[in-house]
Amino acid sequence: MPQWVRVAATSDCPPGQCCEVVAGDRIIALCNVEGTFYALEGFCPHAGGSLGKGSLQGCVLTCPRHGLQLDVRTGGYEISRPEIHPTFPVKVEGDEVYLDVAPAAE
Ligand code: FES
């Protein structure tokens with residue numbers, strides 16, 4: 004069952020930018036790629052950098068601490084890390100951005 008949580012207004016995160024938002028007890032990196040929003044777990048797996056404060060170029064988000072890069076569409080890392088960074092479904096209703104923070108079904 005989805006658990007949609009409002010996290011931002013669309014104007015809070017303009018195209019080409021990412022921002023840090025809170026969804027329940029989670030910190031999330033919300034990224035706007037040419038008007039399409041993507042959401043990822045907000046802490047970098049390398050050393051806990053804040054991905055929401057990273058830089059976005061196209062679909063590639065760069066961690067502000069040491070430069071780890073990942074594809075915001077998939078959570079895949081640009082270097083040879085086998086893991087996938089957690090992502091969350093996003094929907095936009097009017098001018099509001101919502102995330103589904105329900106645990107993934109197993
Ligand atoms: S904390 Fe993100 S690359 Fe080191």
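Heads up: the sequence shown runs through residues 4 to 109, numbered per the numbering used here. Quick reminder that beta carbons are idealized off the backbone N, C-alpha and C, glycines included.
Margin query: Cutting at 6 Å between CB atoms, please list the residues of its own chain near Glu-109, excluding the five before and the five after it.
Written below: Any reading at Glu-109 is ruled out, since the residue's pLDDT is 48, under 50, leaving its predicted position unreliable.
Notebook entry, point to check: Beta carbon of Leu-64, beta carbon of Cys-34: below 8 Å?
Noted result: yes
Item checked: Closest by C-alpha distance to Cys-16, when choosing among Thr-39, Phe-91 and Ala-50 -> Thr-39
Checklist line | Start-to-end residues for the beta strand (DSSP E) that takes in Ser-58 | finding: 58-60
Margin query: Between Ala-26, Arg-68, His-49 and Asp-98, which has its C-alpha nearest Tyr-80's C-alpha?
Written below: His-49
Note to self: Taking 8 Å as the threshold (C-beta atoms), are Ile-31 and Ala-42 in contact?
What the structure shows: yes
Check: Can the beta-carbon of Pro-92 be found closer than 8 Å to that of Asp-103?
Finding: yes
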